[in-house]
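Below you'll find the structure, written out as structure tokens, and then a few comments.
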Amino acid sequence: MLNKLKEKKLTKKDYFVVSSLLFGLFFGAGNLIFPLHLGQLAGHNWGPAVLGFLVTGVLLPLLSVLAISITRSEGVYDIGRPLGPAFALVFMVLIHATIGPFFGTPRTATVSFAVGLAPLLPAGSTKVALFVFSACFFLVAYLFSRKENKIVSNVGKLLNPVFLALLALVFFVAFLHPLGSLSTATPTKEYLGRTSFIHGFLEGYNTMDALAGLAFGVTVVTAIRSMGVKRETKVAAVTAKAGVFGMGAVALIYLLLTLLGVQSLGKFKLSADGGVAFSQIVNQYAGVAGQAILAALITVTCLTTAIGLVAAFAQDFHKHFPKVSYHTWLVLSCASSFFFANFGLETILAWSLPFLMFLYPLAMVLILLSVFSPLFKRDSYVYFFVVLFTVVPAFFDMVATFPAVISQSNFGKAVYAFQHHYLPLADYSLSWLVPALVGLALGLAVHFYKEVFVKTQASEMD
119 MLNKLKEKKL TKKDYFVVSS LLFGLFFGAG NLIFPLHLGQ LAGHNWGPAV
169 LGFLVTGVLL PLLSVLAISI TRSEGVYDIG RPLGPAFALV FMVLIHATIG
219 PFFGTPRTAT VSFAVGLAPL LPAGSTKVAL FVFSACFFLV AYLFSRKENK
269 IVSNVGKLLN PVFLALLALV FFVAFLHPLG SLSTATPTKE YLGRTSFIHG
319 FLEGYNTMDA LAGLAFGVTV VTAIRSMGVK RETKVAAVTA KAGVFGMGAV
369 ALIYLLLTLL GVQSLGKFKL SADGGVAFSQ IVNQYAGVAG QAILAALITV
419 TCLTTAIGLV AAFAQDFHKH FPKVSYHTWL VLSCASSFFF ANFGLETILA
469 WSLPFLMFLY PLAMVLILLS VFSPLFKRDS YVYFFVVLFT VVPAFFDMVA
519 TFPAVISQSN FGKAVYAFQH HYLPLADYSL SWLVPALVGL ALGLAVHFYK
569 EVFVKTQASE MD
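Note that this note's numbering has the sequence shown beginning at 119, numbered continuously upward.
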């Protein structure tokens, strides 16, 4: 009772701070490329596509922070803890490796390169230039993350508003003088008809923000608690209210970028990725000078993101594997990121999607189970059955999405045949959904049976 009385009533300023934290956590310059490319892919069928994208790119990340607050977790490891320490550790390693040195961190360098430097280079020099650029990029990231340095966060706080202002200017000019029509842009085959929503939903995986929310959402929750809010339900309520504004701003930017991508088809062909499209659009409206300024800002903001990612990777792995020093993990993170960055943005995206096809379903069910865990007292049986019935179909979706070297192998073809014969929604890369619901039904049945059995035993003893 005393704790409830002591809880502070938050002001509008407090809510603004939390909204800003949520916005800063989930909006990154590196994610600009995905809604832009989505717009080019979806064409005039952009409406359902962007709704699907916002579910996995905005709503799910917010739910991941709610999951952290409701379960009082400190990160990914605690979210997976109901399934045992071994699962929790493996899940944590997979999440951090994906948003870190395997895909997420290398992407910060390749997006900066694709948007800023690549369009200005002569043909044939891209590989050498990417090697030099990424080496300098991750050397700077390493030097700044060796020690906690407030300069980096201050630079980010200063440049992010400038970047957003320039982005707003691009939006203003682009919608004042559109490159094409929203109603006549031709969608690709995948985005025709009712499948547009599903493909937008899957495209949202690329943001990796739901995974990032599990890894870093505790910073938002900690900030709310430091304001005097203690109860889990109140922390979750504050997160949800602040999320309407913070994540609403992210959703608005994603929507406008999608529309920008649709309109760009009036002037440009479908690009290989959103980085190319963004560079073309900015060059069209602002010329080389404007493109250079925006590219420089994107590079610096992506660099601040990279510094945070390599430091977080090193800190978390040192925490769980203390025999290896923080600096060793840091070197490993930077070196791995540099190595994978040199495969180029298009290759990184092609190989990251299969892993996201595996991890995102697991993350989704764990997030939703955590959010609704008070209803079943965080019973490990419910977690067990849902994850058990999700993991195998998600693995099948991963194999089917790999580049041809794996998906068209004998093993890949066998998996594809089995998946499409026995699992509903396999055509939409959602073969995990129905089994997950079956697992949920079984888990809840076991939970409520235990509840009734325990009550019956207790009454008999009385």
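The beta carbon of each residue, even a glycine, is placed where N, CA and C say it ideally should be.
Please read all numbers here as calculations on a predicted model, not as lab measurements.
About 19 Å separates the beta carbons of Val-380 and Val-176, which is beyond the 8 Å limit, so they are not a contact pair.
Collapsing the DSSP output to three states places Gln-409 in a helix. Judged by DSSP secondary structure, Gly-157 falls within the alpha helix (DSSP H) whose first and last residues are 151-160. With a beta-carbon spacing of about 6 Å, Leu-487 and Tyr-501 fall inside the 8 Å limit used to define contacts. Pairing Leu-332 with Ala-481 gives a Cβ-Cβ distance under 8 Å. Within its own chain, the residues whose Cβ lies closer than 7 Å to the Cβ of Val-400, once the five positions on either side in sequence are excluded, are Val-288, Gly-408, Gln-409 and Leu-412, listed in chain order. The criterion of a C-beta distance shorter than 8 Å is satisfied by Asp-515 and Ser-547. In this chain, the alpha helix (DSSP H) harbouring His-317 covers 313-321. Judged by DSSP in its simplified three-state form, Ser-263 adopts helix. Of the residues assessed, Pro-521 falls on the exposed side of the cut-off, its CB having fewer than 16 other CB atoms within 10 angstroms. The C-beta distance from Gly-393 to Ala-232 rounds to 3 Å, short enough to fall under 8 Å. The residue among Leu-159, Arg-349 and Cys-254 with its C-alpha nearest the C-alpha of Ala-303 is Leu-159. Taking the Cα of Thr-337 as reference, the smallest distance to any Cα among Ser-549, Pro-542, Val-489 and Gly-193 is reached at Gly-193. Sequence-distant partners of Leu-284 (beyond 5 residues in either direction) whose C-beta falls short of 6 Å from its own C-beta, in its chain, are Leu-412. The residue from Pro-224, Phe-134, Leu-558 and Tyr-195 with its alpha-carbon nearest to that of Leu-506 is Leu-558.
Bounds of the alpha helix (DSSP H) holding Gln-381 are 350-382. Residues of the same chain with a CB within less than 8 Å of the CB of Thr-519, apart from the 5 flanking positions on each side, are Leu-471, Pro-472, Met-475, Ser-525 and Ser-547 in chain order. Annotated three-state conformation of Ser-470 is helix, per DSSP. Short of 8 Å from the beta carbon of Phe-315, and not among the five residues preceding or following it, lie these beta carbons of its own chain, in chain order: Pro-166, Ala-167, Leu-169 and Gly-170.
Only residues of its own chain outside the window of five on either side were considered, and among them Phe-514, Val-517 and Ala-518 have a CB closer than 8 Å to the CB of Val-533, listed in chain order. Around the C-beta of Gly-242, fewer than 16 other C-beta atoms lie within 10 Å, and the residue is accordingly described as exposed. Under the three-state reduction of DSSP output, Trp-447 falls in the helix class. In the three-state reduction of the DSSP assignment, Asn-460 falls in the coil class.
Sequence-distant partners of Thr-417 (beyond 5 residues in either direction) whose C-beta falls short of 6 Å from its own C-beta, in its chain, are Ser-230 and Gly-234. Per DSSP, Trp-164 is one residue of the alpha helix (DSSP H) stretching across 164-172. Close CB contacts of Gly-405 within its chain, under the 6 Å cut and outside five residues either way in sequence, are absent. Counting the other CB atoms within 10 Å of its CB gives Glu-321 a total of 16 or more, which places it among the buried residues. Counting of Cβ neighbours within 10 angstroms places Cys-254 among the exposed residues, the total staying below 16. Cβ neighbours of Thr-376 within its own chain (closer than 8 Å, five residues either side excluded): Pro-153, Leu-154, Leu-156, Gly-157, Ala-160, Trp-164, Ala-167, Val-168 and Phe-171.
Counting only residues of its own chain and dropping the five nearest sequence neighbours on each side, Val-564 has a CB closer than 6 Å to the CB of Tyr-499. When the five nearest sequence neighbours on each side are left out, the beta carbons in the same chain lying within less than 7 Å of the beta carbon of Arg-190 are those of Glu-350, in order along the chain. By the CB criterion at 8 Å, Gly-222 and Met-326 fall inside the cutoff. DSSP places Met-345 in the coil class of the three-state scheme, outside both helix and strand. A straight-line Cα-Cα distance of about 7 Å links Ser-549 and Ala-512. Val-489 and Val-183 have their C-alpha atoms roughly 9 Å apart.
Remark: C-beta atoms of Thr-465 and Val-483 do not approach each other more closely than 8 Å.
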